[in-house]
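Asker: Before anything else, here's the structure in question.
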Amino acid sequence: MKMVEPQIEATYSNDLLERFDRLKRKRQETIKLNKIDAAQDSRRRQLVTISRAYQHLPNNNAYNSRADSKKDLTDLERAMEYTIEECEKWDKKQERKANHGIHDQVRLAESSYYKEIEKIPIDIEAYKAQKAELQNESHNAPAVELSDTTTQKSQGRSEPNSQDIKRSKIQKESS
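Under full-length UniProt numbering, residues 1 to 175 are what the sequence shown spells out, in order.
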């Protein structure tokens, strides 16, 4: 096998890097020129469309005056006066305006819930009276016996339900 000298290998890699950089710059320049050419082509097509619209008019000099042409153009022809960049900016602006609504159903439901709650009148005095009554009831009510829960567990139920608690209260009150 033949050994390649490091100096030759380094110059070869440098040449490749330089060539790659030149190609990259050329590609960027070509993209820029293509955009310019596309804009010019678009403008040319717009002018052809507008000039066709004015061929049937008796006075073709109206086209030379930009103010007069703006008055006489239809909406479609006025739209053709804008460049691609201006149209893209306008589309982005319209899209931003359109996206201000609520698209998330959860947020919509939450906001409507809070609006409905705000409409409900709150009687604080009645609330406090009801709360005090419930607290008095809970202090006066007898505690549930543990034996009730153990019999329910043996019957296959793990916790007493509200009917069982009511029955036990009634039984204790009657005895």
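C-beta: ideal position from N, C-alpha, C; glycine also.
For the alpha helix (DSSP H) that HIS139 lies in, which residues bound it at each end?
Answerer: Along the sequence shown, one-based indexing puts residue 139 at 139. 124 to 140 is the extent of the alpha helix (DSSP H) around HIS139.
Asker: If ALA39 and ILE84 are in contact, beta carbons under 8 Å, what's the gap, nearest whole angstrom?
Answerer: In the sequence shown, the residue the question calls residue 39 occupies position 39. In the sequence shown, the residue the question calls residue 84 occupies position 84. Indeed they touch by this definition, with Cβ atoms about 6 Å apart.
Asker: By the three-class DSSP mapping on this structure, what secondary structure does GLU9 have?
Answerer: Your numbering for residue 9 matches position 9 in the sequence shown. Shown here, GLU9 sits in a helix according to DSSP, grouped into three states.
Asker: Mapping DSSP to helix, strand and coil, what is THR83?
Answerer: The count along the sequence shown starts at 1 and reaches residue 83 at position 83. Coil at THR83, not helix or strand.
Asker: Taking 8 Å as the limit between beta carbons, can you name the residues of its chain near ASN140, skipping five residues before and five after?
Answerer: In the sequence shown, the residue the question calls residue 140 occupies position 140. So no residue of the chain qualifies.
Asker: Could you round the C-beta distance between GLN105 and GLU81 to whole angstroms and report it? I think they count as a contact, below 8 Å.
Answerer: For the purposes of this step, residue 105 is taken as residue 105 along the sequence shown, with counting starting at 1. For the purposes of this step, residue 81 is taken as residue 81 along the sequence shown, with counting starting at 1. Approximately 42 Å separates the beta-carbon atoms of GLN105 and GLU81; this is outside 8 Å, ruling out the contact.
Asker: Just verifying my parser: in three-state terms, what is the DSSP assignment at GLN94?
Answerer: Residue 94 sits at position 94 when you count from the first residue of the sequence shown. Of the three classes helix, strand and coil, the one that applies to GLN94 here is helix, per DSSP.
Asker: Extract the residue ranges of the beta strand (DSSP E) inside the segment 8 to 54, only unbroken runs of 3 or more that lie entirely within it.
Answerer: Considered as a whole, the segment 8 to 54 harbours no complete run of any beta strand (DSSP E) with no fewer than 3 residues.
Asker: Residue range of the alpha helix (DSSP H) that ILE117 falls in?
Answerer: One-based indexing of the sequence shown puts residue 117 at position 117. Unbroken alpha helix (DSSP H) run through ILE117: 105 to 119.
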